[in-house]
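Here the structure is laid out as structure tokens; the discussion comes afterwards.
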Amino acid sequence: MTATAATNAPTLPADWRDFFALTKPRVMSLVIFTGLCGLLAAPGSINPVIGFTAILCIALGAGGAAALNQWWESDIDAGMKRTAARPIPGGRMVRGDARDFGLLLSGMSVGTMGLAVGWLAAAILAFSIVYYAVIYTMWLKPRTPQNIVIGGGAGAFPPLIGWVAVTGEITAMPVLLFAIIFMWTPPHFWALALFVQSDYAKVGIPMMPVAKGERSTRRQIFIYAALLVPVAAAPWFIGGTGAIYGISAIVLSTAFLALSVPVALRTSTEQDTMKPEKRLFAFSIIYLFALFAVLVADRLILAVPSAGA
2 MTATAATNAP TLPADWRDFF ALTKPRVMSL VIFTGLCGLL AAPGSINPVI
52 GFTAILCIAL GAGGAAALNQ WWESDIDAGM KRTAARPIPG GRMVRGDARD
102 FGLLLSGMSV GTMGLAVGWL AAAILAFSIV YYAVIYTMWL KPRTPQNIVI
152 GGGAGAFPPL IGWVAVTGEI TAMPVLLFAI IFMWTPPHFW ALALFVQSDY
202 AKVGIPMMPV AKGERSTRRQ IFIYAALLVP VAAAPWFIGG TGAIYGISAI
252 VLSTAFLALS VPVALRTSTE QDTMKPEKRL FAFSIIYLFA LFAVLVADRL
302 ILAVPSAGA
């Protein structure tokens, strides 16, 4: 990979804020939240200190993978308006420091998870880091417009890891939580890609709108949003949750689908302000937070014995 001059010759010393920025804190907040929800929704109990350690390891692993992503893509980031101010292309950090920081966080997270929580959870965490930093970042993203579809698994692991941290096993419920985020990722990310596609085109990344065109992307956003409705409701269908989650999942997913309709119906010549795409992207974030919050609420309410019990 060829690095830009900016990534080779930083003009400012990196400080803690630059290292923190390498972890992609906005993305990490969603990772931490879904991981915590997986942990809290799992049957059984976990020592609070062990539970905190598990979530900390998930956060460190996500941060390490994000740092490795920015190390590898520093030249791409330098060519995109949305990412040009990141620490490496912004000239505040040497690329090698980002790589070393990412490896350190990744190794610490997996080792601590294994020793303090369990090796199954640690193995899944390790695979999620490799999935994002290697399979998605280095292999899929620059080669195929299906990068987000296949690579979506990277962001779907946290609730699975949180669940396994409590139970020590993989069952249907955590797999469904994985599937929800897996199905949610394409419409979420492609909505963003539609209004920043010029950035991706400039650096040669074959995101769906660039490689296959807007019409195909809009159609697939609707398809994935439609598939998300039964997948999100599946935990209720199999008896893994109560009606609080089930009804909420159907309502939230139907709203998600409804917002995808104007996106799907727009033509490629309608470029104005991309309001439907921005609304869908914004709601997609609210959707995932709300869905997993309701999952935990449902679990906690069901765990409370009735007055006559």
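Going left to right, the sequence shown walks through residues 2 to 310 as our numbering numbers them. In this text, a Cβ means the ideal position worked out from N, Cα and C, and glycines have one as well.
| Item | Value |
| --- | --- |
| CB contact flag (Ile-151, Leu-141, <7 Å) | yes |
| Local Cβ density within 10 Å of Arg-87, reported as buried at 16 or more and exposed below that | buried |
| C-beta contact flag for Phe-223 and Ala-265 at 7 Å | yes |
| Cβ pair count under 8 Å reaching 3, the segment 184–202 against the segment 60–71 | no |
| Reduced DSSP category for Gly-80 - H, G, I as helix; E, B as strand; rest coil | coil |
| Reduced DSSP secondary structure (H/G/I, E/B, other) of Gly-169 | coil |
| C-beta atoms of Met-94 and Ala-15 nearer than 7 Å | yes |
| Inter-residue spacing [alpha-carbon to alpha-carbon] between Leu-1 and Arg-300 | The first residue shown for the chain is 2 and the last is 310, placing residue 1 beyond what the model contains. |
| For Glu-74, three-class secondary structure by DSSP | coil |
| Three-state class that DSSP yields for Asp-16 in the structure shown | coil |
| Backbone CA spacing between Pro-306 and Gly-80 [nearest angstrom] | With a pLDDT of 45 at Pro-306, under the threshold of 50, the modelled position of this residue cannot be trusted; read the value that follows with caution. If you take the alpha carbons of Pro-306 and Gly-80, they lie about 57 Å apart. |
| Touch test, the segment 35–53 against the segment 104–114, Cβ-Cβ under 8 Å, three pairs minimum | no |
| Coarse secondary structure for Ala-291, derived from DSSP in three states | helix |
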